Amino acid sequence: MFTMVVLRRRVEAVIRDMINTLFRTGRSGVLNTAMDFSCSITDDSLRTVSTALGLPVHVGAIELIPKAVKEKFGDDIRPGDCFANNSGYHGNTHCGDFTLCAPVYFEGELVFFTIARAHLGDMGFPTPTTYGPLSRDVYEEGLKLPCVRIQRDNSDVQEVVDICKANIRAPEQFYGDYIATLAAVRTGEAGMQKICAQYGIGTVRKFLTQFQDYARDMAIDAIRQLPAGRVRREAFYDSETDLYPDGIPVRATIEVDPVEGLVTVDLLDNVDNLPLGINLTEATMTASCLIAVLTVLGPDVPRCTGSFSRVRILSREGAAIGRPKHPAATSAATSNLTQLLCPLVRSAFSELKSGLGSACGTIGLPGSCAVVSGVDPRHDNRPFVNQIIMGYWGGPGLHGHDGWFTHGSSGSNGALWQSSVEMVEQQQPVLVERLEIAVDSGGAGEWNGSPGAFCIFRSRTDNIRYTANTAGHDFPPFGAAGGWAGGRNDSWWEDKAGERRALPNSLDVTLNTGEKLVSQACGGGGYGDPLDRDPARVAEDVQEGWISLERAHRIHGVVLKTRGEFVAVDTEATQRLRDELLERQPVVVTTARRLETSH
Amino acid sequence: MTYELSADVGGTFTDLVLRSDGAQIDIFKASTTPANIADGILNGIAGIAKSLDLDTATFLGRCDSFAVGTTIATNAILEGKQAKTGLLCTDGFRDTLLIREGGKADSYDFYVDYPPPYIPRRLTLGVRERVNAEGGVEIALDEADARRAIRRLKEYGVEAVAVSLLWSIVNPDHELRIGALIEEEMPGVPYSLGHQVNPSIREYRRTSAVAIDASLKPLVQKRIGEISERLAASGFKGVLTFIASSGGRTSPAEIVSRPISLCLSGPSAAPQAGCRLSRQEGVTKGNVLTTDMGGTSFEVSVSVDWKTPMHREGMIGDHMFGIPSVEVKTIGAGGGSIARVDAGGFIHVGPESAGAMPGPACYGRGGTRPTVTDANLVRGLLLPGHFAGGQIELDVGAAERAIAEHVATPLGLGLMEAAELVCLVAEQNMIAAIQDITIRRGVDPRQFVLVSGGAAGGLHAGTIARELGIAQVLIPRAAGVLSAYGIMTGEIKMGFARSLFTSSERFDYEGVNTILAGLRQEGVAFLDRMAVEPSKRVLRYSVEARYAGQVWQISLAFEKDRIEPADLPGLVESFHQLHETFYAVRSPGERVEFTEWSLDAVGTASEGGLESASLSAADASGALLTTSRAWLKDAGGEIDLPVYDGSRLRPGNVIEGPALVQEIVTANFIPFGAQGRVTEQRGLMLTLPIDEAKRLAA
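These protein sequences, in sequence, are chains A and B. The working numbering numbers the first residue of the first sequence as 13 and each following residue consecutively. The working numbering numbers the first residue of the second sequence as 346 and each following residue consecutively.
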């Protein structure tokens, strides 16, 4: 126990050190403002040690990266090597995530891998974005680094760096990000070697085994608190293919076995790979299921191989919700369908026992999270390409809590940072005209989803290109346990005369001076019946301007009185109204459904 | 005889330090009177006067200075007792305080509520206006709209107003005009403007700072006024100062006009206390880790070359106050931290604390869960009859029961092993905090001396240091009142800042030099107001700088008060060096961007005389008090641990570890293999075996 306490802290300190290095030195906006990167460590048998500090979708299955290194290079790995990977067919999440992995040697023996994964502003996609929801196959997704050596003997393999620079729009920004990511894996390498020197490799190895056993036991204990049962659910995703004119179905079945301490997530019954870039990769499919189950098990269960072993995932190669079959496109695998699958699995728990699980958070990345590119006349026409993370809200309601305001989607669970308006305007010739809560956009429930953002970008120069992979327009984030769906996503192009034209989900628009991108993002789904919401909370929602009086009345059945700045409940009138509403046929506005439940 | 006095007014105790004739230091404690802290201060002063056989008026009449640190601002924010405050912002951006900056401590922890904004949305009103990133006016200020908003706040009965507009740091005209309109519409109601309170980029930090500042104005004005008046009425004629977030002392008038600078007042003085005490003990390198372990929390700061870094991310509760503050890291690890074993058989200590009520199980006040204090008692490092000056008789049986039930039994360990494990986990948490803050600064803790403060620190500092490879630990005599000591000896200081974005490629010499001249003028005016004599004046300039494309700046100090073309290469090179120190990489030849220019106007403090003591022989046996039956893993299990009476130890005495030194209110532990020496200033200097330290850090 003594060494376990000490070594757990030591390893966490090394990962923190890696993260700090990357955060402060990275160049892309998504890196250094949004913290869209993760660092991790596995041992030589690919067991992860701790993922407490990364972006959930990044680290849920990060061991696939060193797995690819071992499979591809076998004995041809040596100290001073570093491998680069952005390929969904080699264990990576999606092509925008640039992942470096270095082997760590101690006394001549390979003992660890350190891994840093960074979402870059540009990764050589054919258009200036890092997501291609409309890509038909992998060949439309630009530069691929299928697990290649980028350093040997601690020096760059120049050819690989040259290929990257030749394919990536902002080569200097890329090189800065590469150096920052490399510094992170090298920092981790030095840190782990120091731990081995200090405590001896035998002790460290023993700790790793003990820690996995501990995490496994914690997971088993948490699963034993759950009721046994099986739930099958289905939700729909906005279709951008003729194959599914009425929406793309996403299905998941969970089965909880408290005796064995095992949760099974069955994804076999899903559609084939789509001619779109939203197919999941093995990494994001696995991470989505693990995030869903582990968030239900609670924050005390460590997130590492030991606890992950208590989640059995059944998936199929060639399924959109599964493992991709070459050459299916996967460039939007960390967003879109991932953001629906994870909450769908989590919401299934709400049917096992009331109070469990959650509704759905934001799906897709709204227009206010566009990748913006062009040249900046304020700085000698310097080219820029950056993803903004703004107005990425829409947290799902869950029992006892309204949605976490800056949740965004399930891939980040609130871990992403939000861009500052002033930083965005300093770094791009874009003016943010407005960024506020869209009133009534949070899904109604006993516990409300958090609202979406209403945001307007105005170009301050000609030819600024905005691309975004929005979703949740036809099928906004679903509610759970009787909660209503969140508000839908909309995007418009507004011309100089003020006229608005609706933009498609996968938007790609070039706006000249004075033209605007107007974005209203999804709100999170609600949890529980809106008529059960505490009237005092409804009064506060209206008082603080989150919802309208009309919604309070019609959906929550609460009658309110306004006095100056304050809004109070008319208790008697509320009781009468609620009784009246209860007698009517319940109308639940939501977009997911139960297919089957058994206890 | 002349006196200097300082007070650190905490939530429970008011610590006072008295310096007589510039040298001799005495320490006092009084109870804090939360309703009106002036009462507690005056009670403490009366106590000191009495101990000197003087009446209060005579004593205060002989005090040249009185320096105060106070948690009134911190506590008002934590307890929601600030004024009802309205916020005026740029139309379309009412949610800046709600959105914050994103991020979440644990993205897997779903069952938590999102913190409410510092100022409620209903009291946050947009005003039609807009300035762009270059300071150009996109939308002129709509004065009618502004008046409408101000009148609405008036109707709502707000007691203070904060104004925070986008880009006011580049063009403050609209904020200034709204300030004038507030004076017209709501005369007498205090207000604060964003570009004046925290002139830095990022709307959340600036808005949060100005909101906090405005909301504190009525309260701080009242409290500071009370203290000044009560002191004057009681005969004090010297200089009254308050310690600010920056760790510097400033006048009551400056505090009243910018009350946000009282955030973290008190703890902000600990690092300089650590530095000064180390210097007095002959430490020469200036690399000091100052720690303070109390009942519920552990605080650590890192000073390099006697300088403690500042940061702009200081938090109180859920709210960032944004202005430059001494970087102090706090974690929930103290004597009262509770140990528990989870379902997987892993032990955790803290952050949950037993507090003062019920307190540790051994207090006998109804607590049944084991704490760090219980563990120290069980393993024999605390003597039951000597705790807190003998005020509490510790119940060994209760501590043993708590450790046995909640730690030893679930883990299948012996009682002593379990007790030591609890301490080890707490120590590991503190080590992690020290590593975190040193990593962030790019420094190696092995090069540092560790100064241990706080009632609970002395039992753990040696072990922590050994684990980190630190060879020297100083437990000063003022360990229990470290902040009050730092307040007494702190320098006079006030920071001034302006934003100007420029880069190394197209450096705006004229703009920068205009700003530097303005800052200099403000700084000199402050030093004039504080009546700082010329020989003690220092102006310290710095600039926030980054590589192009980065969004996080680092603070770069520079010497000159003008920057000419010949100076630029030196400034740029020093940025490359600093970046390499922090992050191990540099990008030579790359454009460096500069965003914010600052000046600290400083009146340096006098070193103060040292106590002169004749050194005694090394032999400490004359001070041997007793032995304690203790259990120490690295000493081979159960041993008879010698316990020395701190009050009988003489400068020059040397004690070989393992041993315990019992002071009046605290106990200090000298680990196995270490040596403790009583210093000339009557502190305890531990020397850890350096080869051992080297081995651990290899």
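Just so you know, even glycine gets a beta-carbon here, dropped at the ideal spot from N, CA and C. Remember, it's a predicted structure, so these values are computed and weren't measured experimentally.
{"Query": "L622 of chain B to E500 of chain B span [Cα, whole Å]", "Result": "54 Å"}
{"Query": "Members of the stretch 471 to 498 of chain B that neighbour chain A once the beta carbon cut-off is set at 9 Å", "Result": "G471, R475, N477, A478, E479, E483, R497"}
{"Query": "Identity of the residue in B:L845, B:P996, B:P879 nearest G863 of chain B by Cα", "Result": "B:L845"}
{"Query": "Proximity to T2 of chain A [Cα-Cα], best of A:I303, A:M204, A:Y143", "Result": "With chain A running from 13 to 611 in the structure shown, residue 2 of chain A is simply not present."}
{"Query": "Those residues which DSSP pairs with A548 of chain A across a bridge", "Result": "Beta-bridge pairing links A548 of chain A to no other residue."}
{"Query": "Own chain, CB closer than 6 Å to I559 of chain A, minus 5 neighbours either side, in chain order", "Result": "D452, D553"}
{"Query": "For T972 of chain B, three-class secondary structure by DSSP", "Result": "strand"}
{"Query": "Spatial neighbours of L301 of chain B in its chain, beta-carbon cut-off 6 Å, leaving aside the 5 residues before and after", "Result": "Absent from the structure is residue 301 of chain B, since the part of chain B shown begins at 346 and ends at 1043."}
{"Query": "Where the stretch 412 to 432 of chain A meets chain B: residues whose CB sits under 9 Å from a CB there", "Result": "G412, H413, D414, G415, W416, F417, T418, H419, G420, S424, N425, G426, A427, L428, W429, Q430, S431, S432"}
{"Query": "Endpoints, the beta strand (DSSP E) within which V645 of chain B is located", "Result": "643 to 648"}
{"Query": "Terminal residues of the beta strand (DSSP E) in which L884 of chain B lies", "Result": "882 to 892"}
{"Query": "Check whether P612 of chain B and V673 of chain B have beta carbons under 7 Å apart", "Result": "yes"}
{"Query": "Members of the stretch 359 to 379 of chain A near chain C, C-beta cut-off 8 Å", "Result": "Protein chains in the displayed structure are A and B, and chain C is not among them."}
{"Query": "Supposed contact pair Q427 of chain B and L564 of chain B - C-beta distance, whole angstroms, cut 8 Å", "Result": "6 Å"}
{"Query": "For E121 of chain A, the residue or residues it bridges with in DSSP", "Result": "A:F118"}
{"Query": "N- and C-terminal bounds of the alpha helix (DSSP H) containing G539 of chain B", "Result": "539 to 542"}
{"Query": "Contact the stretch 565 to 577 of chain A vs the stretch 535 to 555 of chain A: 3+ CB pairs below 8 Å", "Result": "yes"}
{"Query": "Q922 of chain B: contacting residues in chain A (beta-carbon distance under 9 Å)", "Result": "Correct list: empty, because the minimum Cβ distance to chain A is about 15 Å."}
{"Query": "Minimum Cβ-Cβ distance from N166 of chain A to chain B less than 7 Å", "Result": "no"}
{"Query": "Interface residues of chain A facing I895 of chain B [CB-CB closer than 9 Å]", "Result": "In the sequence as presented, Ile is not what sits at residue 895 of chain B; that position holds Gln. The contacting residues are R36, T37, G38, R39, N44, G188."}
{"Query": "Straight-line gap, Y549 of chain B to E446 of chain B (C-alpha atoms, nearest Å)", "Result": "7 Å"}
{"Query": "Interfacial residues, the stretch 110 to 127 of chain A to chain B, with Cβ spacing under 9 Å", "Result": "none"}
{"Query": "Chain-ordered residues of the stretch 497 to 522 of chain B with a beta carbon less than 8 Å from chain A", "Result": "E500, Y501, L511, W512"}
{"Query": "A1043 of chain B, DSSP secondary structure in three states", "Result": "Residue placement at A1043 of chain B is flagged as unreliable, the pLDDT there being 38, under the threshold of 50; the coordinate-derived value follows with that caveat. DSSP places A1043 of chain B in coil when its eight states are reduced to three."}
{"Query": "Same chain, Cβ closer than 6 Å to R22 of chain A, five either side skipped, listed in chain order", "Result": "I207"}
{"Query": "Cβ neighbours of T37 of chain A in the same chain (closer than 6 Å, five flanking residues each side left out)", "Result": "A192"}
{"Query": "Listed by chain order, chain B residues near I449 of chain A by CB distance under 9 Å", "Result": "R439, D440, L443, R466"}
{"Query": "Counted within 10 angstroms of its Cβ, other Cβ atoms place R1040 of chain B as buried (16 or more) or exposed", "Result": "Note that R1040 of chain B scores a pLDDT of 47, beneath 50, so its modelled location is shaky; the value from the coordinates is reported in the next line. R1040 of chain B should be labelled exposed."}
{"Query": "Selection of the stretch 304 to 321 of chain A by Cβ proximity to chain B, strictly under 7 Å", "Result": "L306, T307, P311, D312, R315"}
{"Query": "Backbone secondary structure at I260 of chain A - three-state DSSP", "Result": "strand"}
{"Query": "Segments of 3+ residues assigned as beta strand (DSSP E) that fall wholly inside the stretch 241 to 326 of chain A", "Result": "241 to 249, 260 to 269, 274 to 278, 323 to 326"}
{"Query": "Residues that D454 of chain B contacts on chain A, provided the C-beta gap is smaller than 7 Å", "Result": "P311"}
{"Query": "First and last residue of the uninterrupted alpha helix (DSSP H) at L602 of chain B", "Result": "The amino acid at residue 602 of chain B is misidentified as Leu; the sequence shows Ser. Counting along the chain, the alpha helix (DSSP H) containing S602 of chain B begins and ends at 597 to 602."}
{"Query": "CB contact check: E434 of chain A to chain B, cutoff 7 Å", "Result": "yes"}
{"Query": "N-terminal and C-terminal residue of the alpha helix (DSSP H) that E938 of chain B is part of", "Result": "Looking at the DSSP string, E938 of chain B is not in any alpha helix (DSSP H); the run it does join, the beta strand (DSSP E), is 937 to 948."}
{"Query": "CB contact below 7 Å: Q222 of chain A versus chain B", "Result": "no"}
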